[in-house]
Structure formats: C-alpha cells, structure tokens
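Below is one structure; the comments refer to it alone.
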Amino acid sequence: MKSIKHVLLAGSIVVLSAFIINSSINWTISENHEIKFSSATGDPEGIFKTITGDIQFDDKDLGSSKCDLTIDVNSINTGNGMKNKHAKGKKWFDADNYPNIEFKSAKFSKTETGFAVTGMMKMHGVEKEMTLPFTLSNNVFKSTFSVNRIDFKIGESMKKVSDEIKLEVSIPVNKK
C-alpha cells in the first residue's frame, strides 16, 4: 500500500512540475519591429529589417522565461546602397560567412526600471556574454544598449567610425 502511495505521489509531482516548467507565455514577433543602430559620430547609423526567434516570457515567472533571437545581417539598411554593400563585406560584418547576429538568453531578472536578460551575443563568429535591459509595455519589448563592435571583430578601430554602437530595439509581440 505504501509503495502505491509513493508511486502516485511521484507521478503527481512529475505532472505538476510539467505545468510549472511550461508556465511562461509564448510570444510571436510582429512585423512592425525596429532595430535601429547609431553612433556618437553619426557613422554608422541605420536599421536591421529582419529579426526572428522564440520568446517565452512571464514577468511573474522569470525562471522559466527564455528567448532565442536572430537578426539577418543581410537585412541591414543604412539608407545608402554603397554603405550597405560595404557593411556586409569582409572588412565589416562579412555576411557571407557570418549571416546572423544571435542572442540566446541564460537568465532574466527584475530591475528598478523593468527587466534585464543575460545571455550570449554572437556576432561575426565571436560570442560574448551580455546583459541587456528591457521593458515590456502594451505587448512591446523595448531595449536600448551599446555594443563595442571591436569586441566582436567588426571592422577596425578608427576615428571616423565609433567603436561603441548604440542599439534601440522595439519588438511588438502577440501571445501565441
């Protein structure tokens, strides 16, 4: 009799834990997203037009939240066709060999102004841990942060192109 109770108890724990593990809200990325980049020198600046990925986020259950995002490097748009071609070339992003910028979360946390996600950013074949601040309001994730392009071996350090690139990300989402 005791063994039957133990089996039922163990089974109940497994079933309940499955609901707890999958309690995050699944989101789909809307078409109206914006990924803007700029620098203090004004060069470079522009947008990336394409982002895809998986977002599971629940502000009441940060432990089960996760995201895996991919930006298509070939979707870069600086407003100048020659600059776009140059940015995709071997001296900068080398889009033929490194077609994506990727971010994969490891953990989420609450901050005074919203949230933060820590994870691995991969650009130009280089991976680096980063913590990105963000907010979620009216089904829109927003984040502003800077990346040192030299840390990711994108281009060379020079006076006319800033090493620090500011990104402003706005990702409207819908619940799946």
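In short: position in the sequence shown from 1, add 908, done, that's the numbering used here. Beta carbons: idealized from backbone N, C-alpha and C, even for Gly.
- Three or more beta-carbon pairs drawn from the stretch 934-949 and the stretch 1074-1081 are found closer than 8 Å, and the two stretches are therefore classed as touching.
- Using a Cβ distance threshold of 8 Å, Leu-1040 and Ala-1024 count as a contacting pair.
- In the three-state reduction of the DSSP assignment, Gly-989 falls in the helix class, which pools H, G and I.
- Between Lys-1012 and Asp-976, the C-beta spacing is below 8 Å.
- Scanning its chain for C-beta atoms nearer than 8 Å, with the 5 sequence neighbours on each side dropped, one finds around Trp-1000 the residues His-994, Ile-1062 and Gly-1063, in chain order.
- With at least 16 other beta carbons inside 10 angstroms of its own, Gly-1027 counts as buried.
- With distances taken between CA atoms, Ser-972 lies nearest to Ile-933 out of Ile-933, Thr-1021 and Met-1031.
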